[in-house]
Amino acid sequence: MIVMKFGGSSLATAEKIRLCISLVKNELARHPLVILSACGKTTDQLIATAKAAKQGQVDTDALEQYHRQLIDELNLDYRVIEPLISQLTTLLHGVSLLRELTPRTMDHIMSFGERISTRLVAAAMAGEGVVASAYNSFDLGLLTDSRHNNAIPLSSIEGEIKEQVGQIDPVPVVTGFLGKDQQGNITTLGRGGSDFSASIFGAAIDAEEVQIWTDVNGVMTCDPSVDGDAQSLPVLSFNEASELAYYGAEVLHPNTLIPAIRKHIPVRVLNTLNPTDPGTKITVEPVRTERFAKSIVYKEDVCLINLTSPRLMSAVALLSNAVSELTRHEVGVHMATTSEATVSLVTDRHYDEAYLEEPINNLRKYGEVEVERKKAIICAIGQELKGQVGVLGKMFTAVAEKGIKAKMVSQSASELNIAFLVDNTEIEPAVRALHALLLNDRE
Ligand code: ASP
Ligand code: MG
């Protein structure tokens, strides 16, 4: 069996959905298990709709119209998704009455994206002569912990998934991104989590290969919407790909590769719009290129927290207190630096800006807290960075020439990445400057 995962952009229009179906048809002999994201930007829209409901406004028109158009253009019956749309509307009314939107409710609301896309695409497949049925991943054994919005699959689920998948007829069309906790609540695996689902299913069924279908020619040297000169990378090691995903390359979800690495299942990132392109193969063995790194990535909207202790608490104690405070609130820390009495931490973005308020207030008991929002991590990734002399200087000069001052430089012990912080507004010039360096410069 193989796993074929299609992302939101590959499912954004009726025409693109037909393309995905034709790709599945080509692979029928290899028994595909299909994993889907929500169509287009549905998840973003669901989040916006949920937030509006919390303010007392229930409006599902845009979502309904978008899906209705897909249904019409694919000659399907609206009844395929109607029950889901009405459940969503009821739930949103509940939120608007209570004016309360917990992470658990947000997960439930976000789940409609994938539950709708799988119903819709399975029906469209049937229309194209492919026998297919839609399944919720959680009904096939994908159980997680209860960390809503960022749930982690339980370690013992593979046997159950294998057994469940073994009992169903081809072609299963399964929801990405979703799980359920042991209390039966729907959970989600973090934004972009459908890749993770693909790799979890791939590992559980011992797939021959996991194919991640997206709208670019695999993993690129940088985000092609930031620099049109971006090129695709034919090969990337698992470790590089994990770093790349961790630091924000939208093409892969950070945890995607772990189940696949464990089982040595090859992962390929392919382009739905250009299916004959070989895309990027993710391998165990690292491959060195002649460039100083393989890719320049960025993560926007992160937040910088500077904590200074007037009581001369040691930096180590300060760091440990700060990190445990943030972890207790499930705030991820991406970078950390220390000086004698100051600790600087960079935390992840979140759909709710207010989520940092409580942990930040709690940090004030250790010292003075300064918060800078709307920052971005810019990161060069590649095993070429290992042992390279003078690379930092080259990178800094390149961004400094654009008038950008890089802050909080960090290089991990693995030497697979060099990261620093800039303002959100400096992403484009910084990425372009480093990318030009990457394309033109030789080690
Ligand atoms: N639909 C989810 C998201 O937008 C999961 C995914 O696309 O992988 O984050
Ligand atoms: Mg994605």
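In my numbering, the protein residues as written are 5 to 447. Where is the CB? At the ideal position from N, CA and C, for every residue including glycine.
Check                                                                                                                                                          : Outcome
Can you tell me the Cα-Cα spacing of D173 and D281, whole angstroms?                                                                                           : 31 Å
Please state whether the Cβ-Cβ distance between K124 and L92 is less than 9 Å.                                                                                 : Per the sequence shown, residue 124 should be read as Leu rather than Lys. No.
How far does the beta strand (DSSP E) with N421 in it extend, from its first residue to its last?                                                              : 421 to 427
If you measure from the CB of D199, is any heavy atom of the ligand ASP nearer than 8 Å?                                                                       : yes
I'd like to know whether the C-beta atoms of N221 and G283 end up nearer to each other than 9 Å.                                                               : yes
What would DSSP say about M399, mapped onto helix, strand or coil?                                                                                             : helix
Between the C-alpha atoms of E162 and A155, what's the straight-line distance to the nearest angstrom?                                                         : 16 Å
State the DSSP-derived secondary structure class of S137, mapped to helix, strand or coil.                                                                     : strand
Between the C-alpha atoms of V7 and E212, what's the straight-line distance to the nearest angstrom?                                                           : 8 Å
DSSP has S299 in a bridge; who is on the other side?                                                                                                           : I385
What would DSSP say about Q215, mapped onto helix, strand or coil?                                                                                             : strand
If I measure Cβ to Cβ from E447 and keep anything under 8 Å in the same chain, skipping five residues before and after, which residues do I get?               : Because E447 sits at a pLDDT of 44, beneath the cut-off of 50, its placement in the model cannot be relied upon, and the point is left open.
Residue ranges of each beta strand (DSSP E) run of no fewer than 3 residues wholly in the segment 338 to 382, ordered along the chain?                         : 346 to 351
Looking only at its chain, what residues have a beta carbon closer than 7 Å to the beta carbon of G183, apart from the 5 residues adjacent to it on each side? : S141, F142, L146, L147, T148, A155, P157, T191, L193
Pull up the CB-CB distance for G371 and S313, whole angstroms please, since I reckon it's below 8 Å.                                                           : 4 Å
Return the first residue and the last residue of the beta strand (DSSP E) that V271 is part of.                                                                : 271 to 275
Going by DSSP in three states, N189 sits in which element: helix, strand or coil?                                                                              : coil
For T47, is the beta carbon positioned less than 8 Å from some heavy atom of the ligand ASP?                                                                   : yes
May I ask you to report which of helix, strand or coil DSSP gives G183?                                                                                        : strand
S246 to A207, Cα distance in whole Å?                                                                                                                          : 17 Å
Compute the minimum distance between the beta carbon of H257 and the heavy atoms of the ligand ASP, and state whether it is under 8 Å.                         : yes
Mind checking whether the beta-carbon of A264 lies closer than 8 Å to any heavy atom of the ligand ASP?                                                        : no
Is it buried or exposed, T429, if we count other Cβ atoms within 10 angstroms and call 16 or more buried?                                                      : exposed
Which residue's Cα is closest to the Cα of L311: I385, P270, V327?                                                                                             : V327
Taking 9 Å as the cut-off, decide whether the C-beta atoms of V271 and I286 are in contact.                                                                    : yes
Return the residue from the list L96, S160, L438, E31 that minimises the CA-CA distance to I113.                                                               : L96
Output the distance between the C-alpha atoms of D63 and T53, rounded to the nearest integer angstrom.                                                         : 7 Å
Identify which residue in R377, G386, D227 has its Cα closest to the Cα of V291.                                                                               : G386
Does DSSP classify S328 as helix, strand or coil?                                                                                                              : helix
Cα-Cα, which of L367, S318, L330 is closest to E344?                                                                                                           : S318
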